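Participant: Below you will find the structure I want to go over with you.
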Amino acid sequence: MTEHNADVVIIGGGIMGCAAAYYIAKRGASVLVLEKEDSIGSGGSSRNGGGVRQSGRDPRELPIAMHGIQHIWPTLAAELDVDVEYCQKGNLRLGKTAAQLKILESLTQKAVSCGLDVRMISGDEAREINPYLSREVMGASWCPTDGHANPLLATLGFYRKARQLGARFISGETVTAIEKIRGRACRVRGAQGVYAGGTIILAAGLGSRPLAWTVGLDVPLQPLLLETLVTEAVDTMFPQMLGTAAADFYGHQSVHHGSFVFGVTSGYEPYARPGLPRSSAGAAAAACRSILTYFPALEHIKIIRSWAGWIDDCADHVPVLSFTDEVPGLILACGFSGHGFGISPAVGRLLSEMALDGRPALDLSALRQSRFAAK
Amino acid sequence: MLQDRTKNTGGFSPAPDDGLIICRCEEITKGEIRRAIQDGLLTLTELRRFLRAGMGLCQGQTCGRLVKSILARELGVPPAALEPVVSRAPVRPVEMQVLARDQEIDHD
Ligand SMILES: Cc1cc2nc3c(=O)[nH]c(=O)nc-3n(C[C@H](O)[C@H](O)[C@H](O)COP(=O)(O)OP(=O)(O)OC[C@H]3O[C@@H](n4cnc5c(N)ncnc54)[C@H](O)[C@@H]3O)c2cc1C
């Protein structure tokens, strides 16, 4: 087996691995990314709904989301030289019943106490922001700085730019173990090679858990299946990101392209058949029924494609971004729990700081893996 | 298949037919496809994700083979050596209101 070397070896070529590789390569360090699939970004990173949101985020994750939205997303397209279709025109989370408005109010209060600009608005105010909303909508929470972007373009945009800066990517290579020498993680074993790194970043989505086990660490991750629909491109209707208190769908219209992307929930997310992610039979139809009650004007728009994807749901629904005392040299970056896309540029930068400076610029202590140690 | 993506594929050199539209639904030209390949998008799946070539109304039924032959030529491999792409439901575009009435959608 050939031995390869880099300052940093990253396991997983999803958006986290690609973004970290970009920020590391930009600072002149050598970086090697190992991806098990033939194509870069074949996990959640190419399957998600594109939400770039702060509203609804846990207080432990919110500072990362806010940092990315304030400092990275606005200039990302120029930086990567790829139109990532970022659109920051706000998020409407919609309610149709008094009980749903209560849910929105409590979410809003929590976010406000964390310093986020989000507020409750009436149904009519919501219809002023988005005239396509039906009369059924009684109220909404409104976060004007939220938005959406195109995850496929962002993932491959990070990959493309990282590669231009000299990052090395090997696809079709399944990592089977992380190896320690004198207590320190310094090598990764793949099906077809051995890769030595000064620092190892584990960003393999659900694949992270069995790899963490190989060095005696655990991250409590569970697979959940989420589904997505995309429509034909139509003329621009509205730019906001959408969500609902009922969580029956979320979505947006892509800027510059015109297709709608909708996230769909089946209600059976933890019970999906293991293996390749498959769209379930009824979820798309149920989602369309829901969507049309909020947006009747969409009825003649055609769905052209549907797909499903696994999320790496962490026991407390926020990621693990962490060094560990047990395994120096290893950085864990997994458990993004279905909302990693929006924070991915900021996470990539934080990972580069952890790998190259030994500490991230934001305080990530609430996301340490040791929070799961038996109490 | 193991692929070290550092390998140089030759770099982009303009060709007279670069303006040719290959994917009519998404209006993607041969030049855009060739440039993306030279930028490191080395599989049919990555080209779909990066350019939306074959991702419009006809879902690549018209241009699928053309894109495949362009990728094969740029990489210097036979088209048959390229991994196939995945087709997904619905088989034909379906209006949201029709799908909403249906209880089911045909799945791959
Ligand atoms: C349907 C859906 C909708 C979503 N909607 C949103 C949204 O609107 N907003 C939002 O912020 N987030 C959303 N998410 C979540 C978001 O997609 C993820 O949090 C994010 O993409 C995580 O990126 P990642 O790089 O950690 O994981 P992944 O993209 O899963 O990448 C991990 C990579 O590691 C590779 N890998 C695994 N095991 C190994 C191994 N042993 N060796 C080598 N490589 C390996 C995998 O093949 C994969 O490519 C959604 C997710 C899904 C599935």
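Sequence order for the protein chains is X and L. Here the first sequence stands for residues 858 to 1232, where the numbers follow our numbering. Here the second sequence stands for residues 410 to 517, where the numbers follow our numbering. Think of the CB as a built atom: it goes at the ideal place given N, C-alpha and C, for glycine as much as any other residue. Just so we're clear, the structure is a prediction, and the values are computed from it rather than from any experiment.
Output yes if chain X places a C-beta closer than 8 Å to the C-beta of Gln447(L); else output no.
Facilitator: No, Gln447(L) lies away from the interface with chain X (no Cβ there is under 8 Å from its Cβ).
Participant: Report back the beta-carbon spacing between Lys953(X) and Met995(X) to the nearest angstrom; my notes put them in contact at under 8 Å.
Facilitator: That belief holds up - the Cβ atoms of Lys953(X) and Met995(X) are roughly 6 Å apart, short of 8 Å.
Participant: Where do the ends of the alpha helix (DSSP H) carrying Leu1178(X) lie?
Facilitator: Premise fails: Leu1178(X) lies in the beta strand (DSSP E), Val1177 to Phe1180, not in any alpha helix (DSSP H).
Participant: Would you mind listing the alpha helix (DSSP H) stretches within the region 946-970 of chain X that are 4+ residues and don't spill past its ends, in chain order?
Facilitator: Runs of the alpha helix (DSSP H) inside the region 946-970 of chain X: 955-970.
Participant: So, Ser1179(X) versus Arg1135(X), is the Cβ gap smaller than 8 Å?
Facilitator: Cβ distance not < 8 Å, so Ser1179(X) and Arg1135(X) don't count as in contact.
Participant: For ligand 1, is there any heavy atom lying closer than 7 Å to the beta carbon of Gly1050(X)?
Facilitator: Checking every heavy atom of ligand 1 against the Cβ of Gly1050(X), none is found closer than 7 Å.
Participant: When the Cα of Val494(L) is compared with those of Val503(L), Met505(L), Leu484(L) and Gly473(L), which residue comes out closest?
Facilitator: Checked all of Val503(L), Met505(L), Leu484(L) and Gly473(L); the closest Cα to Val494(L) is Gly473(L).
Participant: Between the Cα of Gly1100(X) and those of Val909(X), Val865(X) and Tyr879(X), spot the shortest distance and give me the residue it belongs to.
Facilitator: Of Val909(X), Val865(X) and Tyr879(X), the residue nearest in Cα terms is Val909(X).
Participant: Ignoring anything shorter than 3 residues or poking outside the region 1019-1097 of chain X, list the beta strand (DSSP E) runs there in chain order.
Facilitator: For the region 1019-1097 of chain X, whole beta strand (DSSP E) runs of length 3 or above, ordered along the chain, are 1025-1028, 1032-1038, 1041-1047, 1051-1059 and 1078-1090.
Participant: Using a Cβ-Cβ cutoff of less than 6 Å, which residues in the same chain neighbour Ala1230(X) once the five nearest sequence positions on both sides are dropped?
Facilitator: Nothing listed; no residue qualifies.
Participant: Under three-state DSSP, which class holds Lys893(X)?
Facilitator: Looking at Lys893(X) - three-state DSSP - the assignment turns out to be coil, as it is neither helix nor strand.
Participant: Examine ligand 1 and report whether any of its heavy atoms sits within less than 7 Å of the Cβ of Thr1093(X).
Facilitator: Not so, every heavy atom of ligand 1 lies at least 7 Å from the Cβ.
Participant: Should Gln966(X) be labelled buried (16 or more other beta-carbon atoms within 10 Å of its own) or exposed?
Facilitator: Under this definition Gln966(X) is an exposed residue.
Participant: Using three-state DSSP, classify Asp455(L) as helix, strand or coil.
Facilitator: Reading the sequence as shown, one finds Glu at residue 455(L) and not Asp. Correct three-state label for Glu455(L): helix.
Participant: Have a look at Gln470(L) and Gly1139(X) and give me their C-alpha separation to the nearest angstrom.
Facilitator: Rounded to whole angstroms, Gln470(L) to Gly1139(X) spans 26 Å at the Cα level.
Participant: Give a yes or no on whether the C-beta atoms belonging to Arg1017(X) and Val1087(X) are separated by under 8 Å.
Facilitator: No, the pair does not count as a contact, with Cβ atoms beyond the cut-off.
Participant: With 8 Å as the limit, tell me which residues of the region 465-478 of chain L have their beta carbon closer than that to any beta carbon of chain X; keep them in chain order.
Facilitator: Against chain X - using a Cβ distance shorter than 8 Å - the residues of the region 465-478 of chain L are Gly465, Leu466 and Gln468.
Participant: For the candidate residues Leu1221(X), Lys883(X), Asp895(X) and Val1177(X), whose alpha-carbon lies nearest to that of Arg414(L)?
Facilitator: If we check each option's Cα against that of Arg414(L), Asp895(X) comes out closest.
Participant: Per DSSP, what kind of secondary structure is Gly901(X) in: helix, strand or coil?
Facilitator: Gly901(X): helix per DSSP, three-state reduction.
Participant: So, is the C-beta of Val486(L) closer than 8 Å to a C-beta in chain A?
Facilitator: The chain inventory of the structure shown lacks chain A, comprising the protein chains X and L.
Participant: How should Ala490(L) be labelled, buried or exposed, when 16 other C-beta atoms within 10 angstroms of its C-beta is the threshold for buried?
Facilitator: When all chains shown are included, Ala490(L) counts as exposed.
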